[in-house]
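Notes follow the structure.
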Amino acid sequence: MSDKNITCECGHINPYGTEICEVCGKPLQGDSESNKLLNMRYEGSARRSQTYKTTIIDKIWNFFSSVKVGIWIIVLLLVASAVGTIFPQEMYIPPLSDPTVYYEEQYGILGQLYFDLGFHNLYGSWWYMLLIAALGLSLIVASLDRFVPLYRALKKQRVVRHESFMKRQKYFGITELVNNKAELSTVKEVLQKKRYNVKEEDGHLFAEKNRFSRWGPYVNHIGLILFLIGGMLRFFPGMYVDEVLWLREGETEKIKGTEEAYYLQSDGFILETYDNNDAKFKDAIEASGQEAVAKNYQTDAVLYKQVGERIAGTDPELEKIKEHPIQVNKPLKFDGYAIYQVDYKLNELQSMTFTMDNKETDKPVGELTVNLYNPEKEYELNDGYRVEVMDYFPDFEFNDKGEPTTKSKVPNNPAFILNMISPEHPDGEVAFVAIKQNLEPLGENDYKMSFQNVDTKNVSGLVVRKDNTLWILAIGGAIFMIGVIQGMYWNHRRIWVLRKDNEIWLACHTNKNWYGLKRELESVTDQTGLHMPLDQSEQK
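Position one of the sequence shown corresponds to residue 1056 (the working numbering), numbered consecutively onward.
See the structure below:
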């Protein structure tokens, strides 16, 4: 597009679309003799989005450079995020629940619509990530579209400015002088005392300070972009882990989020409570309404790491790494991970023991113990007797249709549908067995299941956390705040002093806080004898 470049009378070649010459400030569009104030936003430079509008690349660039488009993307993100809180996300519904039916059963038509539109897994959905990416792209394009031409224009500006540029500033005044050299020397000295960077050329002055404040919004954008990148990286495997791990005494479980590289064993759980009779705590304990208040609860943990490759169907080979008592605010840390103690359950059901009894003789024909976390499909007893587990409900309840279901996979209220096979009944007899319930849904049976014993264990509630994005978020937030301070507490102020025969022309501009500039001008003119420039916006 070099054939469309604009050559100013000062000899500088300006890019196509420039409104004010980058060097001398002469208006290049419209009537140069007009009294209308110059639009100094972006120094009248050639912004790509305002210049090229023909190709598909131009249209994409112009779309994302628009502030209105950026605001609408933010609005869409806020609305989507708000809708995502109406019903619980998929990660928070009961573990054994099928989301395809859960939302409709619990919340009706709205729940089904919520699921169909993908709001049940909102923050990891492709379209939500696309909105975040679009916001990041909007910030990048909008920043480049404005920053590059503004930087170029401010860098190329010179001391001597065109007369029309001076006359069309908001503050402009003319002072007739006799000994102008002495007065200009005084003006320069006063401006330097006010921390202006003063340049002199052929008796003309250009004073500028706080140009760096113009870059505040773009520094903000850099911080926001980094923050968005950190947020998106949380959805990449290995970058962010926040998993719940329930660990029972004496058991070893793989640590979620470590790709089965690490395992954790509980050697025991310790619970200490405050003494209810201690005068220091008695009133507080009574006010809490609890019989016992935890003073300390900890898991004596052993950390293992898998050695070598694991062969399918075999137990992993583990190497002991360390032992550590996990307490509240005293996590076990390793390889960027931290495991926190956050909850516990006392005496959680682990297994239940039953006997299969002959109802007529009231004598048992065999005994079986069911692991409530991993029940077998069939239990062999003596002399041809056996029991088949037809269905198992760890946390039993009836749904709205009157059918048995489970609220979770934790055995808070275990129930079974069992088939009791005996020599007399080779096809079996069906029984429904739960706590304090023993039903015969298909008619009276000759055999029954009798509860004998229960085994319990204490369970530690742990949280596994790893965040490799935290430093990116912290840097992004810090840069954003630097940009806020940079653009809020400083103003870019410029003063041009032009010597013309026996007159001194004074023009000023600031990007904001005109009142502050006015007070500064009053101080300068009082000390130098120059006339206070008039506010031409008020006169017009």
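Note that beta-carbon positions come from the ideal geometry of N, C-alpha and C, so glycine has one too.
| message | Taking the straight line between their C-alpha atoms, what separation do you get for M1056 and G1166? | response | For M1056, the predicted structure reports a pLDDT of 44, less than 50, and the residue's modelled location is therefore unreliable. A value from the coordinates is still provided. Taking the straight line joining both Cα atoms gives about 56 angstroms.
| request: Following the continuous beta strand (DSSP E) through M1504, name the residue where it begins and the one where it ends. | output: Y1502 to D1522
| query | Name the DSSP beta bridge partners of T1424, please? | reply | T1408
| Distance, Cα to Cα, L1576 vs S1592? | About 16 angstroms.
| Secondary structure at W1085, three-state DSSP: helix, strand or coil? | Here the sequence assigns Gly to residue 1085, which means Trp is not the residue at that position. In the structure shown, G1085 sits in coil (DSSP, three-state: anything other than H, G, I, E or B).
| query | Secondary structure at H1067, three-state DSSP: helix, strand or coil? | reply | coil
| DSSP beta-bridge partners for K1309? | Y1318
| message | What would DSSP say about K1059, mapped onto helix, strand or coil? | response | helix
| field | Helix, strand or coil at P1469 [DSSP, three-state] | value | coil
| task | Kindly identify the DSSP beta-bridge partner or partners of M1475. | result | V1442 and E1484
| Is R1102 closer than 9 angstroms to R1201 when the C-beta atoms are compared? | For R1201 and R1102, yes; Cβs fall inside 9 angstroms.
| query | Where does P1380 fall in DSSP's three states? | reply | strand
| request: Flag this pair as yes or no: are the beta carbons of V1016 and T1313 separated by less than 9 angstroms? | output: The structure shown does not extend to residue 1016, since the chain spans only 1056 to 1595, so no value can be given for it.
| Can you give the Cα-Cα distance for N1566 and M1184, rounded to whole angstroms? | Near 36 angstroms, if we compare the C-alpha coordinates of M1184 and N1566.
| task | Measure the C-alpha to C-alpha separation of G1584 and E1218 and round it to an integer number of angstroms. | result | About 22 angstroms.
| said: Using 9 angstroms as the threshold, is the C-beta distance between M1294 and W1551 below it? | reply: no
| For Q1507 and T1416, believed in contact at Cβ under 8 angstroms, the rounded distance | T1416 to Q1507, Cβ: 17 angstroms. No contact.
| said: Looking only at its chain, what residues have a beta carbon closer than 8 angstroms to the beta carbon of N1094, apart from the 5 residues adjacent to it on each side? | reply: E1074
| message | Measuring alpha carbon to alpha carbon, tell me which residue in K1400, E1315 and L1326 is nearest V997. | response | An answer regarding residue 997 cannot be provided, because it is not within the stretch 1056 to 1595 covered by the chain.
| request: With a floor of 3 residues, list each beta strand (DSSP E) that falls wholly inside the region 1128-1167, ordered by position along the chain. | output: none
| Short Cβ contact (9 angstroms threshold) for Q1382 with N1351 | yes
| query | Residues bridged to Q1582 by DSSP? | reply | According to DSSP, Q1582 bridges with nothing at all.
| Assuming G1173 and G1538 make a contact with CB atoms under 8 angstroms, what is their CB distance in whole Å? | Wrong, their Cβ atoms sit about 34 angstroms apart, outside the cutoff.
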